[in-house]
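Residue numbers (my numbering): 946 to 1108. Virtual Cβ for every residue (Gly too), placed ideally from N, Cα, C. The structure displayed is predicted, hence computed values, not measured ones. Below: the structure, in structure tokens.
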């Protein structure tokens, strides 16, 4: 073999051996195969960089309507905060039917059954006593000493709306 061909064959063999050995080392300063696929890596591959370029956001500079919407939401969130854990009354009838008895939704479901039984009583005095007992048990199940008339009314309204 001539020396030039010998050197060329030796260089090719060295390149092949080097490539094989580098691939066994894993990602050493090179992009590994796992990150080479489209959307791999930490970028998520979803584009839409979300930069803050001028005139690119498409949002109105007029805050009048937004401020009104925030005021309305604040009133709703204050009502929701007043209910606290009793917000479980927002759950659907199906969710209440399948809820664990110890969960917040399950406690509301237990109250709902007690309330319905109380409302089915014909005697007004017995009905009132059963309703008060159901409300007291609901309060106790959530670790409260009692419920305000507003809380009871809100829970009952939510339950009646989601039958």
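Residue i burial status per 10 Å Cβ neighbour count (16 or more: buried)
{"i": "residue 1083", "result": "buried"}
{"i": "residue 1095", "result": "exposed"}
{"i": "residue 1067", "result": "exposed"}
{"i": "residue 950", "result": "exposed"}
{"i": "residue 1051", "result": "buried"}
{"i": "residue 1061", "result": "exposed"}
{"i": "residue 1031", "result": "buried"}
Proximal residues to residue i (C-beta, below 8 Å), its chain only, five neighbours per side dropped
{"i": "residue 1064", "result": "1072, 1076"}
{"i": "residue 889", "result": "Residue 889 falls outside the range modelled here, since the chain spans only 946 to 1108, and no answer is possible."}
Contact set for residue i: own chain, Cβ-Cβ below 6 Å, skip 5 residues either direction
{"i": "residue 1054", "result": "1041, 1044"}
{"i": "residue 1091", "result": "1084"}
{"i": "residue 1034", "result": "1053, 1100, 1103, 1104"}
{"i": "residue 1059", "result": "1079"}
{"i": "residue 1097", "result": "1080"}
{"i": "residue 956", "result": "none"}
{"i": "residue 1086", "result": "1052"}
{"i": "residue 1057", "result": "1104"}
Beta-carbon proximity list for residue i, same chain, < 7 Å, skipping 5 on both sides
{"i": "residue 1107", "result": "1037, 1038"}
{"i": "residue 1074", "result": "none"}
heavy atom of the ligand GTP below 6 Å from residue i C-beta
{"i": "residue 1046", "result": "Of ligands this structure carries none, so the ligand GTP is not represented either."}
(Q) Restricting to runs no shorter than 4 residues, where is the alpha helix (DSSP H) found entirely within the region 1019-1101? (A) Fully enclosed alpha helix (DSSP H) runs of 4 or longer: 1038-1043, 1049-1064, 1069-1086.
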